[in-house]
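Residue numbers (the numbering used here), protein chains in the order written: chain A, 1 to 603; chain B, 604 to 785; chain C, 786 to 1037.
See structure below.
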Amino acid sequence: MNTNANADAGDDGPTAEDRDEIPPAPTGFLRRWVFSTDHKVIGRQFLFLGLGFLAIGGVMAMLIRWQLARPGAPVPLVGRLLFGASGGVISPVAYTALFTMHGTIMIFFAVTPVLIGGFGNFLLPLLIGARDMAFPRLNMASFWIMFAATAVLTASFFVPLGPPEAGWTAYATLSTAIGAPGPGQTLWVVAIYLNGASSVMGAVNYITTVLRMRAPGMTYLRMPLTVWGFFLTSILNALFVPVLAAAMVLLFFDRVLGTQFFIAGTTPGAGGDPILYQHLFWLFGHPEVYILILPAWGIVGDLLSFFARKPLFGYRVTVGALIGVVILSTVVYGHHMFTTGLSPLLGESFMLLTMIISVPTSLIVLSWLGTLWRGAIRLQTPMLFCLGLVFTFGVGGLTGLYLADITADMYLHDTYFVVGHFHLIMAAALLMSLFAAIYFWFPKMFGRMMSEGLGKLHFWLTFVPLNLVFMGQLVIGYEGMQRRLYDPSVYDFLKPLLPLNRGISHAAYLLGAAQLIFVVNFFASLARGARAEMNPWEVGTLEWTVASPPPHHNFDRIPLVVRGPHELAHPAARSLGRDWLGQAEIVDDAPAASPTPPAREPA
Amino acid sequence: MTATSATTTTTTTTTTTTTSRRRETDAQVGLVIFLGATAMLFAALLLAYAIIRAQVPGAWPPAGTPPFPRGAAAANTIALVAASLALRRGRHWGPWAALGFGAAFLAAQAALWHHLVAIHLGPGAGPLGEVFFALSALHALHVLGGLIALALAGPRRLRLLTIYWDFVLVVWLVVYVAVCLL
Amino acid sequence: MHIELPRDASLDGHLVDGAIGYLTLTTGIAFALALAFLASALVLHRARAGRTRGHHTHGNRKRDRALMFSVALVMFVAIDVTLALRATRDLEERFWRYPAADSTALRVEVTARQWAWSFRTAGPDGRFGTADDVVTLNELDVPIGRPIYLKLRSRDVVHSLYLPSFRTKIDAIPGMTTRLWFQATTPGRYEIACAQHCGVNHYKMRGLLDARTESDYREWLARAEIDSRLRDDPAAPSAPGGWDWETGENGK
């Protein structure tokens, strides 16, 4: 196979993909930057949209923390502006809206667009050696539908009876006319539906692209783990976002047409079923956790290998584990519903299935640890964030076991322990992977390097407070504090937790402030960063074989892939004076016959 | 691999054909994935229906529900079947006939909904009518999407549209059997 | 700083605390080991002069795989399987074994609504939904030393009855009857909380559980019964209605 490929590359005969005409780059401003069909532009559009909402969701988190640190005290600086009617104090209504929108924005409108929309779009074609996505126009539509969704969501703030207040999970019947009569919740439903439509369109595109557009020689087991992450995520998206859409359709009917799918009658058995909503929501909601974490795992797997200067340890096992997680993730959602009085059989099955997920998950973590061992680890900024993910994901993953155990969950369910647990995964680990990705691919995206010094400062000022915040949440949850409380001091047993809550809030402010370093670094580097070379990190995946930023058509000539993505420390590279081999690089694969003394290499 | 070596020496014309054929396959793969996602949407709604139905005490439909006008709903099926068949009748009039049949289906569904509301099988009048409304409304939206696609790209995308319209027909048959007959 | 669980006043709460303690111990050990490995890799195998290239292995050898799978399996058995077995035992022998046939158990019907709890115990006639029921708002009085068997319903949205000092909670869901049992061991006043977001005043949905000695409880019951008769007009539509304990039929 290998020799065959080499022989093919030897002559100059064009490959299958190459006979495509190179599409001309669009010239008009609108076509180039607004209604672009170029995956790199769409990826950047998603990135900026998502980062904008990340900032908004972050400010909301700060306001929530303010209320928990000083219940009922007026918010400084912006209080009069945001909460003028209550004299700058966050009212219970405003607080409820804040945590509802914080969750909604962070999950659906920040992390999803940045990670999947942004990096998925930018990276997939480049990493598999394609000129664009399979359906460029569908790609464009996907972005603009997401944009429409954000507009609808924003509109929900400004309607009579106020913004949605049913939590990001929008449990029926609180989210039906019984608990939320205003149009705000209806707009929320529409925004989530549109968001889902955008995700499904993206998923169709990503799956088709990976199935059909890989460069010659790019077999499934030569794909970077990042591609595997986005590919598997897209499969979960295509299968389970529609289930959320179904819940939204029924909720919409209940709210607008007066049906009773989720509204129970006065006697048990009559009318609809509020638990039906929870089934549908979590049937989507649990895969959603993996929808977000799979790309992060992929990115971190690749980057750990790149910066440890060593192939990923157990690539095949990892791919198998990722697939195992995808399959298991579809049959564990019931652990979100242990306190709804599930039948014992269902409860125990969900507990056991949930626990089985820890097997593939620990295989993935072991692969990371194995990759680091005997490497030549370079602690550059992206690597620091990857190591940060290993840490936060470890704590987040292990605390999940407490909640999988039904007996412990009886006590911990709906407490801050849950909040801490899922923030360690969905916020901490995802932010770590997100920043790792930004620092790593920024040179490729924008053609300039980000500042290493500011990057490292940003890492430490993010990593430390981040863990203080979310581990602090674990602690107050362990001590019994429920989620979504406007004022915990209503409860005597929570009064002693106020100093701890204050401490968490202070760590959160620090965390928020530290992001300004990132903002400065991002924009300053965009304007004045050092010009990025083609391959500043010295790694072998395909995106580093094209200019930074890549030309409109990505590849002048579609590459012929001859090896996997992690060929670092390869013996055959010694003769080239480096320690890595490109995926499409033709060299004599056999190790040097004569035992040459190890040449001095640039660090 | 064989395709590659075979076409190395051929002319630009055949190259373009290969490219467009590959594009066609891409589009079919994408469509099948999209229809898989859509199938999950309807499957989730049917699951909701099964759960609601399982929880109603006593017989289904609940006592006091008026009989469902099965005949009228069955008659509407004819329009969808005709649309699917028309698409197999070539590029010239197939798409336009399918457009007509599809529009007729929507009109007939609208009339059926009107009738259902009149005989107290509409939203707010018990689970049977509500389930039918939710499923058939969402289905109608997909029919509408199919009509728009026919109007915009009918003759050019005949194979894709045939797959899509067959899917819409199958979904309708499943909905009809599950809600109206069972 | 003192990190501790709320005071345990229940018969079976130690089972929950035990599970949590076992988890903290085992996951703590696993995490510490992983961290130690990570730290030593970072110290030993950092790039520096004389260490510019890593070791070339894909970790795909049988030996590597066997190592990965055995570590994963050891963790799975030591933590997950042990816990699952333990939880299943505790659930089936204690938490899910409802005192339905236990005539000494105190039966209470709980009705949740935005944003209050009402607790109803059958009066001397032993039947629910009759005029001699004892109904209290946001206050649950129970005797120590015998099982307390709750059935819950909700009038509007999903609530969750949370008893931190008894290490348990259960949702109250419109259209459903859920149940929960526990047994108090230490007299005292404990807080009842709502754990499920139920609207703007969710944070105010607080109640008190008063665990009393048997004689104390009987005294209270006699007083409360008179109070209830004076206060609640069973015909008033606002009266939190009970239901027939066995059949689930709504009371008047």
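Every residue, glycine too, gets a C-beta built ideally from N, C-alpha and C.
Contact set between residue i and chain B, taken where Cβ atoms lie within less than 7 Å
i                      : result
residue 273 of chain A : 654, 655, 658
Proximal chain A residues relative to residue i, where beta-carbon distance stays under 8 Å
i                      : result
residue 976 of chain C : 491, 492, 493
residue 850 of chain C : 314, 317
residue 746 of chain B : Result: empty, since nearest Cβ-Cβ is about 16 Å, beyond 8 Å.
Partners in chain C for residue i, counting only beta-carbon separations shorter than 7 Å
i                      : result
residue 178 of chain A : 941, 942
residue 444 of chain A : By Cβ distance, chain C contributes nothing, its closest Cβ being about 22 Å from residue 444 of chain A, past 7 Å.
For residue i, the first and last residue of its enclosing beta strand (DSSP E)
i                      : result
residue 452 of chain A : First-last for residue 452 of chain A: 452 to 478, but that is the alpha helix (DSSP H), not the beta strand (DSSP E).
residue 977 of chain C : 973 to 979
residue 992 of chain C : 992 to 997
residue 947 of chain C : 944 to 948
residue 528 of chain A : From DSSP, residue 528 of chain A is part of no beta strand (DSSP E) but of the alpha helix (DSSP H) over 498 to 528.
residue 715 of chain B : Run containing residue 715 of chain B: none in the beta strand (DSSP E); it sits in the alpha helix (DSSP H), 697 to 721.
residue 768 of chain C : The first residue shown for chain C is 786 and the last is 1037, placing residue 768 of chain C beyond what the model contains.
Beta-carbon neighbours of residue i, restricted to chain A and to distances below 7 Å
i                      : result
residue 636 of chain B : 204, 207, 208, 238
residue 952 of chain C : 410, 411
Under 8 Å between C-beta atoms of residue i and residue j
i                       : j                      : result
residue 159 of chain A  : residue 181 of chain A : no
residue 1011 of chain C : residue 969 of chain C : no
residue 955 of chain C  : residue 392 of chain A : no
residue 1002 of chain C : residue 980 of chain C : no
residue 920 of chain C  : residue 903 of chain C : yes
residue 999 of chain C  : residue 928 of chain C : yes
residue 398 of chain A  : residue 812 of chain C : yes
residue 329 of chain A  : residue 236 of chain A : yes
residue 750 of chain B  : residue 706 of chain B : yes
Between the CA atoms of residue j and residue i - distance to the nearest angstrom
i                       : j                      : result
residue 227 of chain A  : residue 436 of chain A : 16 Å
residue 606 of chain B  : residue 625 of chain B : Model confidence at residue 606 of chain B stands at a pLDDT of 42, short of 50, so the residue's coordinates are unreliable; what they give is reported in the following sentence. Residue 606 of chain B and residue 625 of chain B: Cα-Cα distance of roughly 12 Å.
residue 845 of chain C  : residue 317 of chain A : 8 Å
residue 784 of chain B  : residue 250 of chain A : 22 Å
residue 814 of chain C  : residue 803 of chain C : 16 Å
residue 258 of chain A  : residue 726 of chain B : 6 Å
residue 535 of chain A  : residue 442 of chain A : 12 Å
residue 178 of chain A  : residue 42 of chain A  : 40 Å
residue 959 of chain C  : residue 170 of chain A : 15 Å
residue 337 of chain A  : residue 196 of chain A : 23 Å
residue 787 of chain C  : residue 388 of chain A : 27 Å
residue 533 of chain A  : residue 548 of chain A : 7 Å
residue 741 of chain B  : residue 414 of chain A : 34 Å
residue 675 of chain B  : residue 720 of chain B : 14 Å
residue 877 of chain C  : residue 950 of chain C : 21 Å
residue 287 of chain A  : residue 103 of chain A : 17 Å
residue 1009 of chain C : residue 879 of chain C : 31 Å
residue 680 of chain A  : residue 90 of chain A  : Nothing about residue 680 of chain A can be read from this structure; chain A reaches only from 1 to 603.
First and last residue of the uninterrupted alpha helix (DSSP H) at residue i
i                      : result
residue 199 of chain A : 183 to 212
residue 604 of chain A : Not covered by the structure: residue 604 of chain A. The range shown for chain A is 1 to 603.
residue 40 of chain A  : 39 to 69
residue 801 of chain C : 798 to 829
residue 687 of chain B : 673 to 690
residue 290 of chain A : 274 to 308
Listed by chain order, chain B residues near residue i by CB distance under 9 Å
i                      : result
residue 563 of chain A : Within chain B, no residue comes near residue 563 of chain A; the closest Cβ sits about 18 Å away, beyond 9 Å.
residue 260 of chain A : 726, 727, 729, 730, 733
residue 253 of chain A : 726, 733, 736, 737, 740
Assumed close pair residue i, residue j - CB separation to whole angstroms, cut-off 8 Å
i                      : j                      : result
residue 299 of chain A : residue 429 of chain A : Contact flag wrong, Cβ pair sits at about 11 Å.
residue 723 of chain B : residue 669 of chain B : 6 Å
residue 49 of chain A  : residue 133 of chain A : Rounded, the Cβ-Cβ distance is 18 Å, inconsistent with contact.
residue 569 of chain A : residue 843 of chain C : About 11 Å; that fails the 8 Å criterion.
residue 801 of chain C : residue 407 of chain A : 5 Å
residue 138 of chain A : residue 632 of chain B : That pair is no contact at about 13 Å.
residue 412 of chain A : residue 312 of chain A : Not confirmed; about 35 Å, so no contact.
Contacts that residue i makes with chain B (C-beta to C-beta distance below 8 Å)
i                      : result
residue 181 of chain A : Per Cβ cutoff of 8 Å: no residues; residue 181 of chain A is ~16 Å from chain B at best.
Proximal chain A residues relative to residue i, where beta-carbon distance stays under 9 Å
i                      : result
residue 808 of chain C : 398, 399, 401, 402, 405, 408
Proximal chain C residues relative to residue i, where beta-carbon distance stays under 8 Å
i                      : result
residue 103 of chain A : Residues of chain C passing the Cβ test: none, with the nearest at roughly 11 Å.
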